[in-house]
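A.B. asks: Sequence lines, in order, name chains A and B. 1 is the number of the first residue of the first sequence in my numbering; add one for each residue after it. 104 is the number of the first residue of the second sequence in my numbering; add one for each residue after it.
2 protein chains.
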Amino acid sequence: MNEVFKALSHPARRRMVAMLRQGPLASGDIAARFDMAWPTVTAHLAALKAAGLVETERDGTTVRYRLVISAAEEAIGFLLGLTGADGVDPPPGSEPGSKEEEL
Amino acid sequence: MNEVFKALSHPARRRMVAMLRQGPLASGDIAARFDMAWPTVTAHLAALKAAGLVETERDGTTVRYRLVISAAEEAIGFLLGLTGADGVDPPPGSEPGSKEEEL
DNA sequence: CTTGTAATTAGCAAATACACTAATTAGTTA
DNA sequence: TAACTAATTAGTGTATTTGCTAATTACAAG
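#1: Can you tell which of B:E106, B:M104, B:R116 and B:A175 has its C-alpha closest to the C-alpha of B:T145?
#2: Starting from the beta carbon of B:A175, find every residue of chain A whose beta carbon is closer than 7 Å, and list them in chain order.
#3: In chain A, which residues lie less than 8 Å from B:S130 when you measure between Cβ atoms?
#4: Please list the partners that A:F5 has in chain B, where partner means a Cβ-to-Cβ separation under 9 Å.
#5: Any idea if A:S70 is buried or exposed, counting beta-carbon neighbours within 10 angstroms, 16 or more meaning buried?
#6: Can you check the segment 117-158 of chain B for any alpha helix (DSSP H) of at least 4 residues that lies completely inside it and give the ranges in chain order?
#7: For the candidate residues A:L79, A:A72 and A:T83, whose alpha-carbon lies nearest to that of B:G187?
#8: Between the alpha carbons of B:F137 and A:L48, how many angstroms are there, rounded?
#9: Is the shortest distance between the beta-carbon of A:V41 and the beta-carbons of chain B less than 8 Å?
#10: Going by Cα to Cα distance, which pick from A:M1, A:A18, A:F5 and A:E3 is closest to A:L67?
#11: For B:L182 versus A:A75, is the C-beta distance shorter than 8 Å?
#12: Under 8 Å, do A:R1 and A:L45 count as touching if we go by C-beta distance?
#13: Can you check DSSP and say which residues form a bridge with A:T62?
#14: With a threshold of 8 Å between beta-carbons, can A:V17 be considered close to chain B, or not?
#15: At a CB-CB cut-off below 8 Å, which residues of chain A make contact with B:I179?
#16: Can you tell me whether B:T186 is helix, strand or coil according to DSSP?
#17: List, in order along the chain, the chain B residues whose C-beta lies closer than 8 Å to that of A:I69?
#18: Taking a contact to mean a Cβ-Cβ separation below 8 Å, would you say A:T62 touches A:A31 in this structure?
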């Protein structure tokens with residue numbers, strides 16, 4: 001959960017995640033859409049991967065990155081808890097018996 | 104939006120936000136629940152305030168912090184876009200005419 | 001106006017995060 | 001094996017973040 005929020009704390013990484021919503025992309029295709037060096041992009045992708053937000057698949061020499069929705073849903077769970085949306089567990093400590101994985 | 108995600112990228116700040124869900128709290132009351140120096144807590148609260156996630160109100164010598172839900176909803180909007188939830192704007196670039204405030 | 005409590009600001013050190021270039025690995029093809 | 005493309009890893013410099021202690025501001029009461 002912490003890794004997820006940390007990963008989403010950088011605008012470039014949020015852009016990457018948004019891009020991948022439309023479907024998997026090769027590392028180089030992603031890098032081409034950013035105004036930074038490819039290795040920098042690789043590092044950002046590695047952060048997303050460490051957070052579980054993306055998965056990779058190798059196809060020949062290219063590596064394709066795919067979005068993993070379930071990881072993003074952790075973050076949604078936390079935020080929806082804040083809004084008081086019904087049917088969602090309140091944040092830890094606010095009520096007995098919460099999952100305590102969060103924060 | 105960026106400030107919001109950056110603010111939520113630290114576990115202590117997420118805890119603070121979660122605590123405030125139950126209602127406003129004085130700076131000192133918040134600090135007392137953390138294992139760090141009060142000025143450090145003040146700095147975290149300042150980050151939350153800069154992100155628009157909390158507001159302050161002075162009452163005598165005490166300063167009370169209150170959660171601002173609407174700021175958190177920005178982040179929710181981004182994340183819900185990722186999940187493909189219906190009725191939510193897709194992330195910028197994925198479709199023409201999106202608001203472009205995000206990322 | 002002095003004292004006491006609440007809270008923030010200043011100033012600093014240590015740790016993280018970011019971006020770059022150069023070097024390296026992985027895989028394909030001649 | 002040599003050459004070429006795709007991608008990552010290494011190494012480095014700088015900037016930001018995080019936490020601390022000490023000093024300061026803001027109010028209320030005596």
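Think of the CB as a built atom: it goes at the ideal place given N, C-alpha and C, for glycine as much as any other residue. This structure is a prediction, so every number in the text was calculated from the model and none was measured.
C.D. replies: Short version:
#1: To locate residue 145 of chain B, count along the second sequence from 1; it is residue 42. Of the candidates B:E106, B:M104, B:R116 and B:A175, the residue whose Cα lies closest to the Cα of B:T145 is B:R116.
#2: For this step, residue 175 of chain B is matched to residue 72 along the second sequence. Going along chain A in sequence order, the residues near B:A175 (Cβ under 7 Å) are L79, L82 and T83.
#3: Taking the first residue of the second sequence as 1, we reach residue 130 of chain B at position 27. Close to B:S130, with beta-carbon spacing below 8 Å, lies no residue of chain A; the smallest spacing is near 18 Å.
#4: Stepping through the first sequence from its first residue, residue 5 of chain A is reached at position 5. Those within 9 Å of A:F5 in chain B are F108, L111, S112, H113, P114 and R117.
#5: Taking the first sequence and counting its residues from 1, one reaches residue 70 of chain A at position 70. Taking all protein chains shown into account, A:S70 has fewer than 16 neighbouring C-beta atoms within 10 Å of its C-beta and is therefore exposed.
#6: Entirely contained in the segment 117-158 of chain B, the alpha helix (DSSP H) runs reaching 4 residues are, in chain order, 130-135 and 141-153.
#7: Along the second sequence, one-based indexing puts residue 187 of chain B at 84. Of the listed residues, the one whose Cα sits closest to B:G187 is A:A72.
#8: Numbered from 1 along the second sequence, position 34 holds the residue referred to as residue 137 of chain B. Numbered from 1 along the first sequence, position 48 holds the residue referred to as residue 48 of chain A. Looking at the two C-alpha atoms, the distance is approximately 29 Å.
#9: Counting from one through the first sequence, the residue named residue 41 of chain A turns up at place 41. Answer no: the Cβ-Cβ gap between A:V41 and chain B never drops below 8 Å.
#10: Looking up residue 67 of chain A in the first sequence gives position 67. Residue A:A18 is the option with its Cα nearest to A:L67.
#11: Position 79 of the second sequence, counted from the start, is the residue given in the question as residue 182 of chain B. Position 75 of the first sequence, counted from the start, is the residue given in the question as residue 75 of chain A. Yes.
#12: In the first sequence, counting from the first residue as 1, residue 1 of chain A sits at position 1. In the first sequence, counting from the first residue as 1, residue 45 of chain A sits at position 45. The amino acid at residue 1 of chain A is misidentified as Arg; the sequence shows Met. No, the Cβ-Cβ distance between A:M1 and A:L45 is not below 8 Å.
#13: Locating residue 62 of chain A in the first sequence gives position 62, where the first residue counts as 1. Answer is A:D59, bridged to A:T62.
#14: Counting from one through the first sequence, the residue named residue 17 of chain A turns up at place 17. It does; some Cβ of chain B falls within 8 Å.
#15: Here residue 179 of chain B refers to the residue found at position 76 of the second sequence. In chain order: I76, L79, L80 and T83.
#16: Sequence index remark: in the second sequence, residue 186 of chain B carries index 83 (1-based). Correct three-state label for B:T186: helix.
#17: Counted from its first residue, the first sequence places residue 69 of chain A at position 69. Close partners of A:I69 in chain B (Cβ separation under 8 Å): L185, T186 and G187.
#18: Here the question's residue 62 of chain A lines up with position 62 in the first sequence. Here the question's residue 31 of chain A lines up with position 31 in the first sequence. Not closer than 8 Å, so no.
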